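Participant:
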Amino acid sequence: MNTQTDFEIRSVTVIGAGAMGHGIAHVAAAAGFDVCLTDVNPQALETALDRVRDNLDRGIAKGKLTERERDDTLAHLHGEPDLRIAASQADLLIEAVPERSDLKRAIFAIAAETAPEHAIFATNTSSIPLSQLVGALPRGDRFIGLHFFNPVHLQPLLEIVRCGTTSEDTLQLALEFATRVGKDAIVVRDVAGFASSRLGIALGLEAIRMVEEGVASVADIDKAMELGYRHPMGPLKLTDLVGLDVRLAIAETLAKEIDGHRFAPPRLLCELVAAGKLGKKTGEGFYKY
Numbered sequence: 627m628n629t630q631t632d633f634e635i636r637s638v639t640v641i642g643a644g645a646m647g648h649g650i651a652h653v654a655a656a657a658g659f660d661v662c663l664t665d666v667n668p669q670a671l672e673t674a675l676d677r678v679r680d681n682l683d684r685g686i687a688k689g690k691l692t693e694r695e696r697d698d699t700l701a702h703l704h705g706e707p708d709l710r711i712a713a714s715q716a717d718l719l720i721e722a723v724p725e726r727s728d729l730k731r732a733i734f735a736i737a738a739e740t741a742p743e744h745a746i747f748a749t750n751t752s753s754i755p756l757s758q759l760v761g762a763l764p765r766g767d768r769f770i771g772l773h774f775f776n777p778v779h780l781q782p783l784l785e786i787v788r789c790g791t792t793s794e795d796t797l798q799l800a801l802e803f804a805t806r807v808g809k810d811a812i813v814v815r816d817v818a819g820f821a822s823s824r825l826g827i828a829l830g831l832e833a834i835r836m837v838e839e840g841v842a843s844v845a846d847i848d849k850a851m852e853l854g855y856r857h858p859m860g861p862l863k864l865t866d867l868v869g870l871d872v873r874l875a876i877a878e879t880l881a882k883e884i885d886g887h888r889f890a891p892p893r894l895l896c897e898l899v900a901a902g903k904l905g906k907k908t909g910e911g912f913y914k915y
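Residue 627 is where the sequence shown starts when you use the numbering used here, and the numbers rise one by one after that.
(1) Report buried or exposed for Asn628, applying the criterion of at least 16 other Cβ atoms within 10 angstroms of its Cβ.
(2) Considering only C-alpha positions, which residue in the set Gly685, Ala687, Glu721 and Arg824 is nearest to Thr639?
(3) Which runs of the beta strand (DSSP E) fall wholly inside the stretch 642-719 and span at least 3 residues, in chain order?
(4) Following the continuous alpha helix (DSSP H) through Glu785, name the residue where it begins and the one where it ends.
(5) If distances are taken between C-alpha atoms only, which option among Gly860, Gly826, Val807 and Lys849 comes closest to Ala651?
(6) Assign Asp728 to buried or exposed, taking buried as 16 or more other Cβ atoms, counted over all protein chains shown, within 10 Å of its Cβ.
(7) State buried or exposed for Thr692, treating a residue as buried only when at least 16 other CB atoms are found within 10 Å of its CB.
(8) So, under 8 Å CB-CB, Val899 and Leu870 are touching, yes? Tell me the CB distance rounded to an integer number of Å.
(9) Helix, strand or coil for Ala875 per DSSP?
(10) By how many angstroms is the C-alpha of Ala741 removed from the C-alpha of Ala716?
(11) Suppose only complete runs of 4+ residues qualify. What are the alpha helix (DSSP H) ranges in the stretch 804-876, listed by chain order?
(12) In whole angstroms, what is the alpha-carbon distance linking Leu671 and Ala656?
(13) Would you check if the stretch 847-861 and the stretch 901-909 touch, i.e. whether three or more CB-CB distances between them fall below 8 Å?
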């Protein structure tokens, strides 16, 4: 029987075919892993696979990869709408569903029914403490956070979150996986928001408060950070890219877990989310697309 010290990750199952899920599946398949992307919505699954192909085609058009590399990546990737089937052959399962701890726990519990005993479970959560999720799994030592950034095939960072139960073997396998998919990894302790989301949300929320107070225009606030601090993208444009609903969920988590004053969601953010203006994915947020 395989143990965690005598196997390497060969097959990866990504749970959730949204923006993060299809991106994670893309980079894992490009690295040569056998990748199964699963989603309860067959249409979302089909759309995700089309988006991977489109991103690969854009890479060819820009001269960043060859047609053979595209074809090899697609050959390593397939979709499967049944989670239990998708989990049954996986060495590594990465959850990338919406930021709801109850949903994530339910997904893990179902996947654990058929996953191999040696399988590692990972969550792509950007803010929820892993300690709130680990109880859904039979082996806490095989659980870790793998927080990717959007768009996954372009962003170089992978934030690896080690919770109190994560074994050293699991951490080392996660670091090896990060290297294979071409990411620079940081390792952080399991606290709400980890390192990246906690820093990013602090800047984003303050930028939104500045819009509320009329300090400057949306474009000029972004330009201040892009030109003054060499950020590749301003905090409001980044909020549109990430999704205002995602940013709101992170703020609510940090307000609850860390400090209700520092991370209180601004009124404007709540109003835009309530109006369905979630950023680039809906065509309007702080900017129109």
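Backbone N, C-alpha and C define an ideal beta-carbon position, used for all residues, glycine too.
None of the values given here were measured: they were computed from a predicted structure.
Facilitator: The structure says:
(1) Taking the sequence shown and counting its residues from 1, the one referred to as residue 628 is at position 2. Residue placement at Asn628 is poorly supported in this model, since its pLDDT is 44, which falls under 50; the coordinates are not used for a value here.
(2) Here residue 639 corresponds to residue number 13 of the sequence shown, with the count starting at 1. Residue Glu721 is the option with its Cα nearest to Thr639.
(3) Entirely contained in the stretch 642-719, the beta strand (DSSP E) runs reaching 3 residues are, in chain order, 660-664 and 703-705.
(4) Residue numbering aside, residue 785 sits at position 159 when the sequence shown is read from its first letter. DSSP places Glu785 in no alpha helix (DSSP H) but in the uninterrupted beta strand (DSSP E) bounded by Leu783 to Arg788.
(5) By 1-based counting over the sequence shown, the position of residue 651 is 25. Of the candidates Gly860, Gly826, Val807 and Lys849, the residue whose Cα lies closest to the Cα of Ala651 is Val807.
(6) Numbered from 1 along the sequence shown, position 102 holds the residue referred to as residue 728. Answer is exposed; the Cβ neighbour count stays below 16.
(7) Start at 1 with the first residue of the sequence shown, and residue 692 comes out as number 66. The residue is exposed, with fewer than 16 neighbouring Cβ atoms inside 10 Å.
(8) The residue given as residue 899 occupies position 273 in the sequence shown. The residue given as residue 870 occupies position 244 in the sequence shown. Contact holds; Cβ gap of about 5 Å.
(9) In the sequence shown, residue 875 corresponds to position 249, counting from 1. Three-state result, Ala875: helix.
(10) Reading the sequence shown from its first residue, position 90 is the one you call residue 716. Reading the sequence shown from its first residue, position 115 is the one you call residue 741. Between the C-alpha atoms of Ala716 and Ala741 there is a straight-line separation of about 6 Å.
(11) 822-838, 844-854 and 861-868
(12) What you label residue 671 is simply residue 45 of the sequence shown in a count that begins at 1. What you label residue 656 is simply residue 30 of the sequence shown in a count that begins at 1. Cα to Cα, Leu671 sits roughly 18 Å from Ala656.
(13) no
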